[in-house]
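Visitor: The numbering of the sequence shown is the working numbering, which starts it at 323 and goes up by one.
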Amino acid sequence: MRVPAELNFPPGFRWGVSTSAYQIEGAVAEGGRGPSTWDTFCAEPGKILNGETGAVACDHYHRYAEDVALMRELGVDTYRFSFSWSRIQPDGTGPGNAAGLDFYDRLIDTLLGAGIQPAPTLFHWDTPQPLEDAGGWLTRDITDRFADYASVLAGHFADRVPMWITINEPMVLTLLGYSLGAHAPGKELMFDALPVAHHQLLAHGRAVQALRAGGAVNIGIASNHAPTWPASDSAEDVEAAELYDNLINRLFADPVLLGKYPAGYEAAMPGPVEDDLKVISTPLDWFGINHYAPVTVGAATGQGDTAATDGIPLPPGLPFEPRATEGYERTDFGWPIVPDAFGEVLRSFKDRYGDRLPPIYITENGCAINDVPVDGVVDDQRRIAYLDGYLRSLRSAIDDGVDVRGYFQWSLLDNFEWAAGYSQRFGLVHVDFETLERTPKASYHWYRDVIAKK
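In structure tokens:
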């Protein structure tokens, strides 16, 4: 299978895959792990498609060695995974749980033995339930707990982990978890969820400081970003798109990279905001961008396209609504496939943040293509076409001077896709969720060939 010359990336470019704990680990009641908000949310009737849960997921907890072997054969340099906070601190506080630390010891040592760099994320939305019961991300106290958690991890793993990620996609937990109620913990607070954004960003800054104090190096965040396109040239649609862009993109990047909120947001945040922003903007070694698709936005009409919000309708009364991004093929999750948008968001970061922007890593990019095995083969040509287009766009942005150091594909395995249950398959490796058998797809072999050109 020929790999295009355009996909020959610069020397030293790092190739990886990404996963998260609740989506693949399973073993939710083993090794002293406590309940998380996602365990609680999944138990509520009607919250997850088909009533599915992450209780078993891919059973990575027991099959991690098999999965590392798949990564070694793939040829990746880096594996981005997440620690389960509830596995490390079952109550969200106190010393590390020995059995939980031991699991990640075994995973990390196996990765290192296979020549793969571990790049763990401290938090990928699975808050320990006792902390949520105490107010969760609406309370300032959780930033203390998160800093303590970061110290536990640094104290145990800093000698073996060469790359760290604090928080994954704080926008999603804010919007889907606390504002719209479609993800755990299922709260519908609308704009009253803004303190969740601030406390996650503050927790991020405090974790950067705690990790460094514990000897950790090479620290970043994984934040999702996408171009916001106005539905038309009308003043109403342009204004609506700008409002949405501020809320979805700039609200989560400006404080980290510029030390300030977009105009109008600082007054909505719990204080002391000025002092907090100094912590939030603690300099990073790199900035992680997760990207999937652009969003088209117009003034509210009641006819919005819910694909932009994972099928979740926005309530009435908002000054904007996502619209269909017309003229493009879509993934099986309904997201438009627009490779040029990838380069657009990367160039926009370079232009907006200039010398305040550290090197970039692409911490997630991929697509839901729900092909299944036929005679033992998963011939997912649509995923190959997607990756080919997006990697060409990435390479073009690098050629234009955007400093991107690595690309981590989402995801290694088909997994539990949050509220969509097991209906959406993002993996390079097919997982039979009845037998848990792994089958590398055609895209796995194509990506291996891309990596081999390094």
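Think of the CB as a built atom: it goes at the ideal place given N, C-alpha and C, for glycine as much as any other residue.
Comparing C-alpha positions only, which one of P641, A548, G503, W732 sits nearest to T647?
Guide: As a working note, residue 647 is residue 325 in the sequence shown. Closest by alpha carbon: A548.
Visitor: Are A506 and F363 close, meaning C-beta to C-beta below 9 Å?
Guide: Taking the first residue of the sequence shown as 1, we reach residue 506 at position 184. Taking the first residue of the sequence shown as 1, we reach residue 363 at position 41. Taking the C-beta atoms as reference points, F363 is found nearer than 9 Å to A506.
Visitor: Find out if the Cβ-Cβ distance for the pair G356, P417 is shorter than 9 Å.
Guide: Taking the first residue of the sequence shown as 1, we reach residue 356 at position 34. Taking the first residue of the sequence shown as 1, we reach residue 417 at position 95. No.
Visitor: Let me check understanding here. Comparing Cα to Cα, which of H382, G348, G397 lies closest to A774?
Guide: The sequence position of residue 774 within the sequence shown is 452, counting from 1. The option with the nearest alpha carbon to A774 is G397.
Visitor: Which of helix, strand or coil does DSSP assign to D394?
Guide: By one-based count along the sequence shown, residue 394 stands at place 72. The residue you asked about is not Asp; residue 394 is Arg in the sequence shown. Helix at R394.
Visitor: What are the boundary residues of the beta strand (DSSP E) that R336 is part of?
Guide: Within the sequence shown, numbered from 1, the residue matching residue 336 stands at position 14. 336-340 is the extent of the beta strand (DSSP E) around R336.
Visitor: For I684, which residues of its own chain have a beta-carbon under 8 Å away from its beta-carbon, when the five flanking residues on both sides are left out?
Guide: Translated into the one-based positions of the sequence shown, residue 684 becomes position 362. These residues qualify, in order along the chain: G610, I611, N612, H613, L716, V726, G728, Y729, F730.
Visitor: Could you tell me which residues DSSP pairs with F403 in its beta bridges?
Guide: Residue 403 sits at position 81 when you count from the first residue of the sequence shown. BP columns for F403 point to P442.
Visitor: Is the beta carbon of T488 closer than 9 Å to that of Q439?
Guide: Along the sequence shown, one-based indexing puts residue 439 at 117. Along the sequence shown, one-based indexing puts residue 488 at 166. No, they are not a contact pair.
Visitor: Determine whether the beta carbon atoms of L533 and I541 lie at a separation below 9 Å.
Guide: By 1-based counting over the sequence shown, the position of residue 533 is 211. By 1-based counting over the sequence shown, the position of residue 541 is 219. Yes, Cβ-Cβ distance for L533 and I541 is below 9 Å.
Visitor: Answer with buried or exposed for T550, where buried requires no fewer than 16 other C-beta atoms within 10 angstroms of its C-beta.
Guide: The count along the sequence shown starts at 1 and reaches residue 550 at position 228. Its Cβ being crowded by 16 or more others within 10 Å, T550 is buried.
Visitor: Taking the alpha carbon of E564 as the point to measure from, which residue in A535, V518, E643 has its own alpha carbon closest?
Guide: For this step, residue 564 is matched to residue 242 along the sequence shown. For E564, the nearest C-alpha among the options comes from E643.
Visitor: Mind checking whether W459 and T432 have CB atoms under 9 Å apart?
Guide: Translated into the one-based positions of the sequence shown, residue 459 becomes position 137. Translated into the one-based positions of the sequence shown, residue 432 becomes position 110. Going by C-beta atoms, W459 is not nearer than 9 Å to T432.
Visitor: Please state the DSSP three-state secondary structure of T761.
Guide: Taking the sequence shown and counting its residues from 1, the one referred to as residue 761 is at position 439. Note: T761 maps to strand in three-state DSSP.
Visitor: State buried or exposed for K600, treating a residue as buried only when at least 16 other CB atoms are found within 10 Å of its CB.
Guide: As a working note, residue 600 is residue 278 in the sequence shown. Exposed: under 16 other Cβ atoms inside 10 Å.
Visitor: Unbroken beta strand (DSSP E) runs of length 3 or more, entirely within the region 448-508: which are they?
Guide: 486-490
Visitor: Taking DSSP as the reference, what is the three-state secondary structure of G728?
Guide: By one-based count along the sequence shown, residue 728 stands at place 406. Residue state, collapsed to three classes: strand.
Visitor: Thinking S342 and H446 are a contact (beta carbons under 8 Å), I'd like their distance in whole angstroms, please.
Guide: Here residue 342 is taken as the residue at index 20 of the sequence shown, counted from 1. Here residue 446 is taken as the residue at index 124 of the sequence shown, counted from 1. Rounded, the Cβ-Cβ distance is 4 Å, consistent with contact.
Visitor: Decide if V578 is buried, meaning its Cβ has at least 16 other Cβ atoms within 10 Å, or exposed.
Guide: Looking up residue 578 in the sequence shown gives position 256. Buried, because 16 or more other Cβ atoms sit within 10 Å of the Cβ of V578.
Visitor: Just to check my reading of the structure: G338 and A441 have Cβ atoms closer than 8 Å, yes? What is that Cβ distance to the nearest angstrom?
Guide: By one-based count along the sequence shown, residue 338 stands at place 16. By one-based count along the sequence shown, residue 441 stands at place 119. With 8 Å as the limit, G338 and A441 qualify as a contact, their Cβ atoms being about 7 Å apart.
Visitor: Note down the Cα distance separating G508 from L734, rounded to an integer number of angstroms.
Guide: Within the sequence shown, numbered from 1, the residue matching residue 508 stands at position 186. Within the sequence shown, numbered from 1, the residue matching residue 734 stands at position 412. Spanning the two alpha carbons is a distance of roughly 28 Å.
Visitor: For A525 and S603, I'd like the C-alpha separation in whole angstroms.
Guide: By one-based count along the sequence shown, residue 525 stands at place 203. By one-based count along the sequence shown, residue 603 stands at place 281. Going from the Cα of A525 to the Cα of S603 covers about 11 Å.
Visitor: On the criterion of 16 or more Cβ atoms from any shown chain inside 10 Å, does G537 qualify as buried, or is it exposed?
Guide: One-based indexing of the sequence shown puts residue 537 at position 215. With fewer than 16 other Cβ atoms within 10 Å, it is exposed.
Visitor: Looking at the structure shown, is L734 part of a helix, part of a strand, or coil, going by DSSP?
Guide: As a working mapping, residue 734 is identified with position 412 in the sequence shown. Here L734 sits in coil by DSSP.
Visitor: Identify, in the order they occur along the chain, each residue of the same chain with its Cβ nearer than 6 Å to the Cβ of E739, setting aside the five sequence neighbours on each side.
Guide: Your numbering for residue 739 matches position 417 in the sequence shown. Closer than 6 Å at Cβ, skipping near neighbours: Q746.
Visitor: Going by CA-CA distance only, name the one from G688, T415, Y426, Y675 that's closest to H382.
Guide: Position 60 of the sequence shown holds residue 382. Ranking the options by Cα distance to H382, first place goes to Y426.
Visitor: Looking at T618: is its Cβ nearer than 9 Å to the Cβ of R652?
Guide: Along the sequence shown, one-based indexing puts residue 618 at 296. Along the sequence shown, one-based indexing puts residue 652 at 330. Taking 9 Å as the Cβ cut-off, T618 and R652 do not qualify as a contacting pair.
Visitor: Among D448, G665, F405, which one has its Cα closest to the Cα of R428?
Guide: Indexing the sequence shown from 1 puts residue 428 at position 106. Measuring from the Cα of R428, the nearest candidate turns out to be F405.
Visitor: Name the residue from A504, V667, H521, D697 whose alpha carbon lies nearest to the alpha carbon of Y712.
Guide: Start at 1 with the first residue of the sequence shown, and residue 712 comes out as number 390. Cα-wise, what sits closest to Y712 is V667.
Visitor: Check the C-beta distance from V694 over to H752 and give it rounded, since I have them as a contact under 8 Å.
Guide: Here residue 694 corresponds to residue number 372 of the sequence shown, with the count starting at 1. Here residue 752 corresponds to residue number 430 of the sequence shown, with the count starting at 1. Indeed, because the Cβ distance is near 7 Å, the residues count as touching under 8 Å.
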